Amino acid sequence: MDEQIDQPPWGLKEFNSDRFQNAFPIGEGRNASVYRAWDKHLERQVAFKKEPIDPLANFEVEDLELLNLGEDATKVFELMLADRGLGSRYTLLREGQLLARVDHPNVISVLDIGLVEAGRVAVVLPYLEAGTLDQQDLPRAWEGLLEIIVQICRGLAAIHEAGLLHRDLKPNNIIFGRDGRPRIADLGLGCAIEDADAMAEWVGTVTYMAPEVVAHRLRDQRDDLYALCMIAYQLFYRAEPFADAEAREQGRVLTPARRDMPRELFGILARGLAGDPDERWPDVPTLLRELERVREPKRPRWTWAAASIGGVAIAASVAVGFLVASRPAQADACEDVSVELEQIWDDEIQSELRGAFGSRQAGDGLDRWAGRWVDVRAAECSEAKTIGASTKPSPCSASLRDRFQATVQAFRTPHLREGLSYATVIAELPDPGHCVDHPHDAEWGYGGLLELRNIDVEVQALVGMGDLEVARDRQQRYMDLSLELRSDYGVARAMFWRGEIRRLDGELDGAVQDFERAYEDAWALGLGVFGAEVQMKLAAVAGARGEIAGVDAHALGARAVFAEYRPDRVAELLQVHGLALLAGPEQVRERGVTLLLRAVELREAQLAKHGGTRELLSAAHESYARGLLAVHRAGEALEYLDLALRVHQEEFGHGSWRTRAILMLKFSAFVEVGRLANAETVERGLLKLDADNQAWERYTEDAFTLANRYSAAGEFRRAAEVLQAGRHMASQHRSQEEVWRFDIAIEELVGG
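Put into structure tokens, the structure is as follows:
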């Protein structure tokens, strides 16, 4: 480390006691308290950080014996004293000295360093009143967000150029002033790159740590680069870039849903988030050049897809020829933009709706909105033609067209319009005039019947991934929106998904009530396939209750409908039916296994005939393996679990949330056949996956599950080791009651 940074604060001037007036606390950290105040000397508002008073400053471990505190209290004080070693390195003086090395408009500057009462160090900084990055009212257009990221990138490049690492870059450490300019702040955990001791320490915020940092491997500038790309991804896509810890470790970045952004921007961020640091951008200046290359030059308003024309190297005659050749096509495109709605809205559809609703009001209301959309669309097309840009609809206009199409489609579909308040739906269609000043706003059209159409798929995906907490929130939004729009179909579907969430959460009575209500609504709307889908879920509930007669009754009722109207779903039904029968006696379980094998055969036949995703075949393999385990055919089960995992990974190129379920089944199979070494490998992998995800509740539950299966197989030693591991994690991250729960389990295991 630089010798200057290691020196104590001797020679620092003492600040006058009245220098900082009207001080108001605005933050508290490990090594400093932060105040906003008026600096009388600098005649400006400042933020000043000062060291807290250390009550243990002159206390040593040996002094504990004199206090006779007892064993538990002594351990607490020993930990606090040991923690001072790290704290003595990351001092406020050190942070101020590191910040003083950097002079850049996108890094917060140090105004002064000195001493306050009791000889504590204080660092004076500019007061930036606009708050941190996560407190900003950010622009929705990607260009505005990119400008923010580019500025942060420039600041980080300056920090690295000064020979420093930040090591805790996150939204809370990026501060904005009134000028809208972001500044990187808080180098409290930063260090000089040549400081080998500090570089070896594990500090930072786990959410923004690169995989090699989480794994306690050596750090370099690419770790800060990783954190920056994580922030950028969250900013652009309003989502996390990874599905799980395994995906994060391997750098498998989720493909975002925003269609209005350049594809190359996603590629730039995905490379910056690679699991292997050697696959990332080599340094921040390189990343900065790539981001700046994506930025478009400032152009007139209608520039969502403007053609790149020219460079001085292009001959004038070629450029003129290109423009002349383009004009007729663009003129034709703008002559009658109403043709862009011809597949969605015309006189025939308007007449159809008049008959469906028994009045002209719905059709007339939609026709007036369509007229306003056409006016705005014609204006943007004409201006785009004038500047030589693409005449395709802007992202804003396109999103409104999608909303309009979803609305008309719902009005034309009997079961979707049942009970629908068409006046409310039409009144809530967004104003097309918004697109005049905000052509890039691709989310302006979202909501209403377009959201209602999409939310069903979203809830289905969340339930399938087992993310029940988020699924419950989205299901409630589904219900609220359906009631607001008076959509009987939406209410029935939201009720169905609430029942499925309750079933998976073990609330079987509530699930049955929801399913029965959804079933009644399905038949009232004349939706036989939807009704069969509900029956399929009721069969699963009956299986969970051990009611075999109910399983067969619901499954056979659903099968009759699927066989006639949706033969592609018969394999899915066979899986549900077969798994539900596994709750019965041995003869019934064997029948369930037969159905599960038939589901595998059907999936294979469908793939051979129609192609498509192999993930459904992987799920069928997994279900059949569950059946084989239920009838004690673990050796065969392992073969099908290997197939399920391989097919799944071939389909996606990686594992996902299903990987964990398959591994748990493999663990059970290995234990049953006595392959304990393999079982231990899988067990450790499962617990590591939980720990990497910081899923401590799941970690403790998995520890109990794994220990119980070891114990049932007579492997009491290994069961005790797993319980001890679970207890350790519970003591670190869970409640005292959870620790006691492990203590009781360990005592029962040892006593037994």
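Note that full-length UniProt numbering has the sequence shown beginning at 1, numbered continuously upward.
Think of the CB as a built atom: it goes at the ideal place given N, C-alpha and C, for glycine as much as any other residue.
These numbers were taken from a predicted model, which means no experiment stands behind them.
- A direct Cα-to-Cα measurement between Val374 and Cys381 gives close to 10 angstroms.
- With respect to the 7 angstroms criterion, Arg140 and Asp505 are not classified as neighbours on the basis of their beta carbons.
- Taking the C-beta atoms as reference points, Glu95 is found no nearer than 7 angstroms to Leu228.
- Put simply, of Ala427, Gly464, Val436 the residue whose alpha carbon is nearest the alpha carbon of Gly447 is Ala427.
- Taking a 10 Å sphere around the C-beta of His166, we find 16 or more other C-beta atoms and assign the residue as buried.
- Separation of the CB atoms of Thr413 and Val425 is rounded to 13 angstroms, and the pair is thereby denied contact status at 8 angstroms.
- Separation of Glu264 and Pro393 (C-alpha to C-alpha, rounded to the nearest whole angstrom) is 21 angstroms.
- Spanning the alpha carbons of Gln343 and Arg417 requires a straight line of approximately 20 angstroms.
- Gly726 sits close to Thr700, with the two beta carbons spaced by under 7 angstroms.
- Put simply, the segment 545–560 does not touch the segment 521–528. Fewer than three CB pairs are less than 8 angstroms apart.
- Counting the other Cβ atoms within 10 Å of the Cβ of Asn173 gives 16 or more, which makes it buried.
- Here Gly251 really is in contact with Glu279; their C-beta atoms are around 7 angstroms apart, less than 8 angstroms.
- Counting the other Cβ atoms within 10 Å of the Cβ of Gly190 gives 16 or more, which makes it buried.
- The DSSP assignment places complete alpha helix (DSSP H) segments of no fewer than 4 residues inside the segment 156–218 at 196–199, 211–214, in order along the chain.
- Annotated as distal: Ala100 and Gly177, with beta-carbon spacing of 7 angstroms or more.
- The residue from Pro277, Leu665, Ala384, Arg401 with its alpha-carbon nearest to that of Ser338 is Arg401.
- In the DSSP assignment, Ala37 is bridged to Val46.
- No Cβ-Cβ contact shorter than 7 angstroms links Trp444 with Ser390.
- In this structure, Val541 sits near Leu508, with a CB-CB distance shorter than 7 angstroms.
- Counting along the chain, Leu125 sits inside the beta strand (DSSP E) bounded by residues 120–126.
- Around the Cβ of Trp740, a 10 Å sphere holds fewer than 16 other Cβ atoms; the residue is exposed.
- In this structure, Ala637 lies near Ala625, with their beta-carbon atoms less than 7 angstroms apart.
- The C-beta of Ile268 has 16 or more other C-beta atoms within 10 Å across all chains shown, which makes the residue buried.
- Taken in chain order, the complete beta strand (DSSP E) segments of 3 or more residues contained in the segment 213–296 number zero; there are none.
- Following the DSSP letters along the chain, one finds Gly557 inside the alpha helix (DSSP H) bounded by residues 548–565.
- Unbroken alpha helix (DSSP H) runs of no fewer than 4 residues, entirely contained in the segment 674–740, are found at 676–692, 696–712, 716–733, following chain order.
- In the DSSP assignment, Phe530 falls within the alpha helix (DSSP H) that extends over 528–544.
- In the structure shown, Gly506 falls within a coil segment according to DSSP collapsed to helix, strand and coil.
- In this structure, Arg589 keeps its C-beta atom at 7 angstroms or more from the C-beta atom of Leu595.
- Distance between Gly363 and Val491, taken at the CA atoms: about 24 angstroms.
- Under a 10 Å Cβ-count criterion, Leu42 is classified as exposed, with fewer than 16 other Cβ atoms of the shown protein chains found around its own Cβ.
- Distance between Phe404 and Ile231, taken at the CA atoms: about 34 angstroms.
- Annotated three-state conformation of Asp467 is coil, per DSSP.
- Here the alpha carbon of Lys49 sits roughly 4 angstroms from the alpha carbon of Val34.
- Between Leu485 and Leu452 a beta carbon distance of about 7 angstroms is seen, short of the 8 angstroms cut, so the two are scored as contacting.
- Rounded to the nearest whole angstrom, the CA to CA distance from Ile108 to Gly27 is 16 angstroms.
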